[in-house]
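*Asks:*
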Amino acid sequence: MTPTIRQHADRDSADTVARPRHVNAQRAAEQLDVQLLGEWRAPHFAEIEAELAALDLAGLRRVRITTGEARLDLTSAWLLRDFMQRAQGLDMETAFTDAAPPTLTVVSRCLTGEMPDETRHVEWLDPGNAVEDIGRRTVRGLRDTVAAVTFVGHATLRLAYEVSHPARLRAPSITRHIYESGITAIPIVALIAFLVSVILAYLGAQELQQFGAVTFVADLVTIGVLRELGVLLTAIIVAGRSGSAFTAEIGFMQLNEEVDALQAIGLDPFELLVLPRILGLMLALPLLTVLADVIGLIGGGLLCHVLLQMPLIEYLGRVRGAIASTTFWVGIIKAPVFAALIALSGCYNGMRVHTSSRELGRLTTLAVVQAIFAVILADALFAVLFLRLNI
Amino acid sequence: MEALLEVRGLVNRFGRQTVHRDLDMSVYRGEVFGIVGGSGAGKTVLLRTILGLRNPDAGTVRFLGQELSGMSAAQRFALKGRVGVTFQQGALFSALTVRENVQLPMLEHLRLPARGLEELALLKVQLVGLSADTAGKYPAELSGGMVKRAGLARALALDPALLLLDEPTSGLDPIGAAAFDELLIYLHQELKLTVVMVTHDLDSIFRTCNRVGVIVDGRMISDTLEGIMRNPHPWIRAYFCGERGRHLRGLKHAT
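Top to bottom, those sequences are chains A and B. Per the numbering used here, residue 3 is the first one in the first sequence, and the count goes up by one each step. Per the numbering used here, residue 9 is the first one in the second sequence, and the count goes up by one each step.
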């Protein structure tokens, strides 16, 4: 008598009774007869795999498979093929006693070719690779720079043209962007301006108290908010809100081939997409800055009143004394420049999206980072400029 | 015969507009069922309802006698593994390569070893007639026809019992569309798939479908192709017996 080998799905042995078994194997001398049973379906992959793996192939010469009534889908046919290849690898003959499952034929037909070698090993320490990498990065950096300069140039030329031909300006589009990046930003800009000026006044009060110069808190708040903090904070908030929105909107349109469609109709995407955003933001950001300045002064005043018991009249008087003729304008003049930087960075990165949703995400992040960096760099340059001009 | 997919008394409304009123549909095991209808007749809405992407205002969808709305989350998940879908625009995940697109459902539903994952994905890619090096490409690098095929490869990833195709040949040139039809017939014969296909392509209907369901006035009239052609409903007559339909019918009888 030859022993009967019955295989069970060994992973979930507790409920094997309820599970269909897929293989019935009988060993006769150097031959293994494998009878396929029931439904071989992708969801049973793990069970079938375990059953096939448990078949003992040691010392066999021949494997004979009977399909019978078993029905195999492609995934399980691949498993059977894998099993047969394992047997063939051990110098065994494999054969079907009846017709091979049709799906197995499909699998074999599709997978006859060599598997493409995907795992290309990168030798990180190979100097050749390092040099190649430096070269690639340099070329890509140069190309990106040229593209960015071209973009700014194109935008500037269009802007100059449009401003000299105001009839061509897209007023509805511009107002939409003023609303979306300006009006809807009022609550958050106001809140942040208030909080930051309160913090500034509070810290200032603590330090200045040591010199008995508490009244100078009002000067600190006035000059700090009007010259720097008002415009800088507003620009950073707007870069996060609107710069990212610009990239996402234009990037999605790129993915959806809407930008190509515009060009195909004979419309200039710069005129329709980029300029309204730049102009809208250049108008909205100064207005937001004025608001941030006002709220900032109010916040400082409230703190002085509540914490330092400074009468509001005195606060107002000190504020007026601190404001030179230039203090307000030095802050506000930066706003349109920051706005242009934010809008350019947002639109430029949006236009660079071409292939995938992942690229859209990466470039949106990049747009915000670039915008904030550009704003702070520009602020530093302004500081140097104003120092030289003695303002 | 047992219905693999059964829709009963389906009602779908958008605001005051009623798309489906009391729509019935049965799809039997092993057939290719074509869904036809004018623009805005609610073909895609029907497909979305069947997939459970939209809750109908009334009516039931049953897979193998099991009602979709009565299923637990686990049952629904298991069902999604038995149903493959292609979308009109392909809807390939743009951040993944074709191979990764095919592997994603496998990773979620099956416990595969790494080699199995690679080979099975390649198998599905080659099954739909794409070359092995296409597998490493991103959707943005593919042509329209290749996107359709890659979408089909992803739909076939789990060896579904039921395949739902939304306009599989739209946007393909006639040769590409014919090749897609042949591919579908091949898969249907080799894999014993049940296919539900929304289409506008008369060639495709005549070549592949066993039965056709026409959505008119929010209801579905379904019959064999010959039965539908004899249907007196004016829209159906205009659709199948209009200039283009008559031409095709002539061709079919001639061959």
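Note that the Cβ used here is the ideal one computed from N, Cα and C, for glycine as well.
Write down every uninterrupted run of the alpha helix (DSSP H) in the stretch 235 to 302 of chain A whose length is 4 residues or greater and which is fully enclosed by it, in chain order.
*Replies:* 246 to 257, 260 to 267, all fully within the stretch 235 to 302 of chain A.
*Asks:* I'd like the ranges of any alpha helix (DSSP H) spanning at least 4 consecutive residues and lying wholly in the stretch 40 to 110 of chain B.
*Replies:* Listed in chain order, the complete alpha helix (DSSP H) runs (minimum 4 residues) inside the stretch 40 to 110 of chain B are 51 to 59, 81 to 90.
*Asks:* Helix, strand or coil for TYR36(B)? Go by DSSP, reduced to three states.
*Replies:* Looking at TYR36(B) - three-state DSSP - the assignment turns out to be strand.
*Asks:* Taking 7 Å as the CB-CB cut-off, is ARG447(A) touching chain B?
*Replies:* This structure cannot settle anything about residue 447(A), because the visible part of chain A is limited to 3 through 393.
*Asks:* Output the distance between the C-alpha atoms of ARG37(B) and TRP42(A), rounded to the nearest integer angstrom.
*Replies:* Rounded to whole angstroms, ARG37(B) to TRP42(A) spans 18 Å at the Cα level.
*Asks:* For a cutoff of 7 Å on Cβ pairs, would you count GLN74(B) as touching chain A?
*Replies:* No, GLN74(B) lies away from the interface with chain A (no Cβ there is under 7 Å from its Cβ).
*Asks:* Name, in chain order, the residues that DSSP records as bridge partners for ARG29(A).
*Replies:* Bridge partners of ARG29(A): LEU34(A).
*Asks:* Could you compute how far the alpha carbon of THR94(B) sits from the alpha carbon of LEU150(B)?
*Replies:* Those two C-alpha atoms are separated by around 16 Å.
*Asks:* Measuring straight from C-alpha to C-alpha, what distance separates LEU104(B) and ARG63(A)?
*Replies:* Computed Cα separation, rounded: 44 Å.
*Asks:* Identify the contact partners of VAL166(B) in chain A, using a Cβ-Cβ distance below 7 Å as the criterion.
*Replies:* In the sequence as presented, Val is not what sits at residue 166(B); that position holds Leu. Chain A residues near LEU166(B): ALA44.
*Asks:* Taking only beta carbons into account, state which residues of the stretch 33 to 54 of chain B come closer than 7 Å to chain A, listed in chain order.
*Replies:* The residues in question: there are none.
*Asks:* Spell out whether any CB of chain B is found under 7 Å from the CB atom of PRO103(A).
*Replies:* With 7 Å as the cut-off, PRO103(A) does not count as an interface residue toward chain B.
*Asks:* Would ARG157(B) count as contacting chain A if we go by Cβ distances under 7 Å?
*Replies:* Closer than 7 Å: no.
*Asks:* From THR147(A) to VAL154(A), what distance separates their C-alpha atoms?
*Replies:* So the alpha carbons of these two residues sit roughly 11 Å apart.
*Asks:* Taking beta-carbon pairs under 7 Å, can you tell me which members of the stretch 187 to 215 of chain B lie near chain A?
*Replies:* Of all residues in the stretch 187 to 215 of chain B, GLU198, LEU199 have a Cβ within less than 7 Å of some Cβ in chain A.
*Asks:* Using a Cβ cut-off of 7 Å (strictly closer), state whether GLN97(B) contacts chain A.
*Replies:* By this cut-off, GLN97(B) is not an interface position.
*Asks:* Taking 7 Å as the threshold (C-beta atoms), are LEU131(B) and GLY153(B) in contact?
*Replies:* No, they are not a contact pair.
*Asks:* Under a Cβ-count criterion, where at least 16 other Cβ atoms within 10 Å of its own Cβ denotes burial, should ALA165(B) be classed as buried or exposed?
*Replies:* Flag for ALA165(B) reads buried.
*Asks:* Taking a Cβ distance cut-off of 9 Å, strictly less, list which residues of the stretch 116 to 134 of chain B are near chain A, in chain order.
*Replies:* Cβ contacts with chain A: HIS117, LEU118, ARG119, LEU120, PRO121, ARG123, GLY124, GLU126, GLU127, LEU128, LEU130, LEU131, LYS132, VAL133, GLN134.
*Asks:* Taking C-beta pairs closer than 7 Å, name the residues in chain B that PHE47(A) reaches, listed in chain order.
*Replies:* Within 7 Å Cβ-Cβ: LEU118, ARG119, LEU120.
*Asks:* So is TRP331(A) buried or exposed if we call it buried at 16+ other beta carbons inside 10 Å?
*Replies:* With fewer than 16 other Cβ atoms within 10 Å, it is exposed.
*Asks:* Answer with buried or exposed for GLY268(A), where buried requires no fewer than 16 other C-beta atoms within 10 angstroms of its C-beta.
*Replies:* Exposed, because fewer than 16 other Cβ atoms sit within 10 Å of the Cβ of GLY268(A).
*Asks:* Look at the alpha carbon of ASP295(A) and the alpha carbon of GLY232(A), and state the distance between them as a whole number of angstroms.
*Replies:* Cα to Cα, ASP295(A) sits roughly 5 Å from GLY232(A).
*Asks:* DSSP three-state call for GLY70(A): helix, strand or coil?
*Replies:* If DSSP states are grouped into helix, strand and coil, GLY70(A) belongs with coil.
*Asks:* How would you list, in chain order, the residues of chain B whose beta-carbon sits under 9 Å from the beta-carbon of VAL261(A)?
*Replies:* Ordered by position in chain B, no residue passes the 9 Å Cβ test against VAL261(A), which lies about 14 Å from the chain.
*Asks:* Please state whether the Cβ-Cβ distance between GLU108(B) and PRO104(A) is less than 7 Å.
*Replies:* Result no, Cβ atoms of GLU108(B) and PRO104(A) do not sit closer than 7 Å.
*Asks:* Please list, in chain order, the residues of the stretch 78 to 93 of chain A that have any C-beta partner in chain B closer than 7 Å.
*Replies:* The stretch 78 to 93 of chain A vs chain B, Cβ under 7 Å: TRP80.
*Asks:* Would you call the CB atoms of VAL176(A) and LEU281(A) closer than 7 Å?
*Replies:* A quick correction: the sequence has Ile, not Val, at residue 176(A). Cβ distance < 7 Å, so ILE176(A) and LEU281(A) count as in contact.
*Asks:* Run through chain A and tell me which residues come within less than 9 Å of GLY23(B), C-beta to C-beta.
*Replies:* Under the 9 Å cutoff, chain A gives no residues; its nearest Cβ is about 26 Å from GLY23(B).
*Asks:* Should HIS356(A) be labelled buried (16 or more other beta-carbon atoms within 10 Å of its own) or exposed?
*Replies:* Result: exposed.
*Asks:* Quick one, which of ALA382(A), ARG66(A), VAL371(A), PHE388(A) has its alpha-carbon nearest ILE238(A)'s?
*Replies:* The residue with the shortest Cα to Cα distance from ILE238(A) is VAL371(A).
*Asks:* Report the residues of the stretch 140 to 153 of chain B with a CB closer than 9 Å to any CB of chain A, ordered along the chain.
*Replies:* Cβ contacts with chain A come from ALA140, ASP141, ALA143, GLY144, TYR146, PRO147, ALA148, GLU149.
*Asks:* So that I know if they touch, is there some Cβ in chain B lying closer than 7 Å to that of ASP75(A)?
*Replies:* Yes, contact with chain B.
*Asks:* Looking at C-beta atoms only, is the number of pairs between the stretch 242 to 257 of chain A and the stretch 348 to 363 of chain A that lie closer than 8 Å three or more?
*Replies:* The stretch 242 to 257 of chain A is in contact with the stretch 348 to 363 of chain A.
*Asks:* Would you report the Cα separation of LEU202(A) and VAL223(A), rounded to the nearest angstrom?
*Replies:* If you take the alpha carbons of LEU202(A) and VAL223(A), they lie about 7 Å apart.
*Asks:* Starting from the beta carbon of GLY89(B), find every residue of chain A whose beta carbon is closer than 9 Å, and list them in chain order.
*Replies:* Per Cβ cutoff of 9 Å: ALA44, PRO45.
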